[in-house]
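Structure, as structure tokens:
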Amino acid sequence: MNFFFDSLFSALQLVFAADPELMVIVGLSLRVSLTSTLIAGLLGVPLGFVIGFNSFRGKRVVITLLNTLLALPTVVIGLMVYTFISRRGALGALNLLYTPNAIVIGQVILIIPVITALTIAALSRIDDRYRRTALTLGADQFQTALVVLREARFGIVAAAVAAFGRVISEIGISMMLGGNARGFTRTMTTAMALEYDKGEFVLAVGLGIVLLTISLGMNTLLNYFQGRYAE
Amino acid sequence: MSLYAARELQKVYDGRTVLDLPELSIADGGMVALLGPNGAGKTTLLHILAFLLRPSSGQLRFKDQPVAFQAGSLHQLRRQVVLVEQQPILFSTSVAKNVAFGLKLRGLKRHDINRRVDESLSMVGMRAFASANGRHLSGGETQRVAIARAIACRPQVILLDEPTSNVDIENRMAIETIMGDIRDAGRSSIIFCTHDVSQAARLTDMRLHLAGGRLNGADYENTFQAGVHHEGEQCWGRIGRRFRFPLPPTSEAVVRVAVNPRLIEITAESPSPDKRATNRGRVIRMDEEMDGVRLMVDVGLPLVVILSCQAYRAADFRIGDTVCVRCPSEALSLL
Numbered sequence: 000m001n002f003f004f005d006s007l008f009s010a011l012q013l014v015f016a017a018d019p020e021l022m023v024i025v026g027l028s029l030r031v032s033l034t035s036t037l038i039a040g041l042l043g044v045p046l047g048f049v050i051g052f053n054s055f056r057g058k059r060v061v062i063t064l065l066n067t068l069l070a071l072p073t074v075v076i077g078l079m080v081y082t083f084i085s086r087r088g089a090l091g092a093l094n095l096l097y098t099p100n101a102i103v104i105g106q107v108i109l110i111i112p113v114i115t116a117l118t119i120a121a122l123s124r125i126d127d128r129y130r131r132t133a134l135t136l137g138a139d140q141f142q143t144a145l146v147v148l149r150e151a152r153f154g155i156v157a158a159a160v161a162a163f164g165r166v167i168s169e170i171g172i173s174m175m176l177g178g179n180a181r182g183f184t185r186t187m188t189t190a191m192a193l194e195y196d197k198g199e200f201v202l203a204v205g206l207g208i209v210l211l212t213i214s215l216g217m218n219t220l221l222n223y224f225q226g227r228y229a230e
Numbered sequence: 000m001s002l003y004a005a006r007e008l009q010k011v012y013d014g015r016t017v018l019d020l021p022e023l024s025i026a027d028g029g030m031v032a033l034l035g036p037n038g039a040g041k042t043t044l045l046h047i048l049a050f051l052l053r054p055s056s057g058q059l060r061f062k063d064q065p066v067a068f069q070a071g072s073l074h075q076l077r078r079q080v081v082l083v084e085q086q087p088i089l090f091s092t093s094v095a096k097n098v099a100f101g102l103k104l105r106g107l108k109r110h111d112i113n114r115r116v117d118e119s120l121s122m123v124g125m126r127a128f129a130s131a132n133g134r135h136l137s138g139g140e141t142q143r144v145a146i147a148r149a150i151a152c153r154p155q156v157i158l159l160d161e162p163t164s165n166v167d168i169e170n171r172m173a174i175e176t177i178m179g180d181i182r183d184a185g186r187s188s189i190i191f192c193t194h195d196v197s198q199a200a201r202l203t204d205m206r207l208h209l210a211g212g213r214l215n216g217a218d219y220e221n222t223f224q225a226g227v228h229h230e231g232e233q234c235w236g237r238i239g240r241r242f243r244f245p246l247p248p249t250s251e252a253v254v255r256v257a258v259n260p261r262l263i264e265i266t267a268e269s270p271s272p273d274k275r276a277t278n279r280g281r282v283i284r285m286d287e288e289m290d291g292v293r294l295m296v297d298v299g300l301p302l303v304v305i306l307s308c309q310a311y312r313a314a315d316f317r318i319g320d321t322v323c324v325r326c327p328s329e330a331l332s333l334l
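Heads up: the sequence lines are chains Z and D, in that order.
Residues 0 to 230 in numbering that gives the first Met the number 0 are what the first sequence lists, from first letter to last.
Residues 0 to 334 in numbering that gives the first Met the number 0 are what the second sequence lists, from first letter to last.
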């Protein structure tokens, strides 16, 4: 038990002292994860909207497939992307392997189904009277879509927060496509795994504290805005 | 000019015809009431008239122009017609922004939008709520803001789906006054659905009765399902335990029948030597109507009888009086 509290105390010192190595790792993790979430949001929200807002043959099959992709293991994505961006792969010439961009590509693939499926779920909870009201007041299809999107905004932001939580805590893609290069592609989770291997728990615990704090902060912000504007 | 004209208009859901109108014509200007029981097709018809629902077959003309439902460019037509739903929903923003929504879509300038929002909210008595969140209003207030949102757009037609069915008496009176004000202003025609026959009679001079998706003629508000039995050559209809009336010959065991309230014979004494055709009942309610008096007579079921003012004065009925009622064949229509 002393060992745990000693590690926790040292980790807190590291965090409050803004240890340079810790800051670099946290900064890279945030940058990569936010970029992935932004790109996946720009692709996943419209995709979810097209699927959720329209009726077409095979819609339920598409939604079932998307829900299945939610359980896609990160190592499978890591392997798949690796075959494309390794030197022998189709995109090998772009030299993406073991760069932050490679991690972003993998993470985008990981969370597009998350954002798309949660956007569809958020839209399904929106009362159809919003759509009819916008139409009867003279909105065209695009303006009506914006009205529905606005009413579903909290669900869509929640989807983005869930997706961000998924990528900032994943390890498989970051390790396989980033390579855990110190100061370059070392993220919080890969650093924690490395420190654990080395038997150095202080930095690992410190990063764990930061990871949980970021997650707590994101969800607190979401709840605050939902409470303030959703009533 | 006819506002709406429909021919062979049908709406079918899962093989079930919910609306079937061989012909419908609604004139421009004024106020029209759509009456009928639940499931009569009133809301379906309003959604078609609002260009929100495509009919399964048939033609609809709006201001003498055919409506191309399949064209996908209906929003220009929709800008001339606004529907206020039975339970309207306000966007999750302020009341003023809700009312301004349609005006922004129409490209009005900011000061014109503010002026019209102010005017419309004043008209429905909700100006003090302009900055309130639309979600925090009561049902009656929501209904009034929804009407203001429609008025602000100054459409040719305002369609109201049972505007007073979910509100208290105070809001109901307010909404009826607003509807009268819109009619008097003459900017928009109003078509509204209601179950309330006396409300329709108070507010309108044109009433359309729907039953089972079909129009069954004006003022046929006594619509019932009757059992059929035969006594010799004569065919009789029976509703409930004691209300009976002669029917034209039919082989059906059960018929749907409409009784024209203006053609029912009502007297203090039996109006016919044929006792079998006479039903006794009690006057339980009386309302003034535009051109007469509406009596509700309990004959085992509530039967509406409309008397001219002259006939009413001559008969001098009072609430609680026992009366004799007879439905002559010309008052009956089999649906």
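Don't be surprised by glycine CBs; every beta carbon is placed ideally from N, CA and C.
- Taking the C-beta atoms as reference points, valine 282/D is found nearer than 7 Å to phenylalanine 316/D.
- For isoleucine 238/D, no CB of chain Z lies under 7 Å from its own CB, so it is not counted at the interface with that chain.
- For the set Thr43/D, Ala5/D, Ala129/D and Ser55/D, the Cα lying nearest the Cα of leucine 158/D is the one of Thr43/D.
- For the region 56–124 of chain D, the continuous beta strand (DSSP E) assignments of 3+ residues that do not extend past its boundaries occur at 56–61 and 80–83, in sequence order.
- In this structure, asparagine 259/D keeps its C-beta atom at 7 Å or more from the C-beta atom of valine 324/D.
- With fewer than 16 other Cβ atoms from the protein chains shown falling within 10 Å of its own Cβ, methionine 172/D counts as exposed.
- In summary, the residues of the region 144–164 of chain Z whose CB is separated from some CB of chain D by less than 8 Å are Val146, Arg149 and Glu150, in the order they occur in the chain.
- Straight through space, the alpha carbons of threonine 135/Z and arginine 78/D are spaced by roughly 7 Å.
- Secondary structure of cysteine 308/D (DSSP, three-state): helix.
- When the beta-carbon positions are compared, arginine 284/D and methionine 295/D come within less than 7 Å of each other.
- Close partners of glutamate 161/D in chain Z (Cβ separation under 9 Å) are lacking, with about 14 Å as the shortest Cβ gap.
- Chain order gives the chain Z residues near glutamate 84/D as Arg128, Arg131, Thr132 and Thr135, where near means a beta carbon separation below 9 Å.
- Between glycine 124/D and chain Z, the shortest Cβ-Cβ separation is not below 7 Å.
- Contact between alanine 225/D and arginine 237/D holds, with the beta-carbon distance rounding to 6 Å and staying under 8 Å.
- Nearest in C-alpha terms to threonine 132/Z, of all of Phe90/D, Asp19/D and Asp320/D, is Phe90/D.
- In this structure the region 25–38 of chain D touches the region 200–208 of chain D; the number of beta carbon pairs closer than 8 Å is three or more.
- A distance below 7 Å separates the beta carbons of valine 83/D and isoleucine 146/D.
- With respect to chain D, the C-beta atom of alanine 138/Z has a partner C-beta closer than 7 Å.
- The beta carbon of alanine 10/Z sits closer than 7 Å to the beta carbons of Val201, Val204, Gly205 and Ile208 from its chain, once the five residues preceding and following it are set aside; these are given in chain order.
- Rounded to the nearest whole angstrom, the CA to CA distance from leucine 102/D to cysteine 152/D is 6 Å.
- Residues Leu262 and Glu264 of the same chain have their beta carbon placed closer than 7 Å to that of proline 327/D, with the five preceding and five following residues left out of the count.
- Nearest neighbour of asparagine 165/D by Cα position, chosen from Gly185/D, Thr193/D and Arg186/D, turns out to be Thr193/D.
- Histidine 46/D is classed as buried because its beta carbon has at least 16 other beta carbons within 10 Å across all chains shown.
- By the CB criterion at 7 Å, isoleucine 111/Z and alanine 39/Z fall inside the cutoff.
- Rounded to whole angstroms, the separation of the alpha carbons of phenylalanine 8/Z and serine 28/Z is 23 Å.
- Judged by beta-carbon spacing, leucine 46/Z lies beyond the 7 Å limit of threonine 143/Z, meaning their Cβ atoms are not closer than that value.
- Against chain D, a Cβ distance below 7 Å from glutamine 142/Z picks out Leu104.
- Here the alpha carbons of aspartate 139/Z and arginine 130/Z stand approximately 10 Å from one another.
- The beta carbon of glycine 299/D lies closer than 7 Å to those of Gly239, Arg240, Arg241 and Phe242 in the same chain, with the five residues before and after it left out.
- Interface annotation, phenylalanine 68/D: not in contact with chain Z, CB-CB separation never under 7 Å.
- Shown here, phenylalanine 200/Z sits in a helix according to DSSP, grouped into three states.
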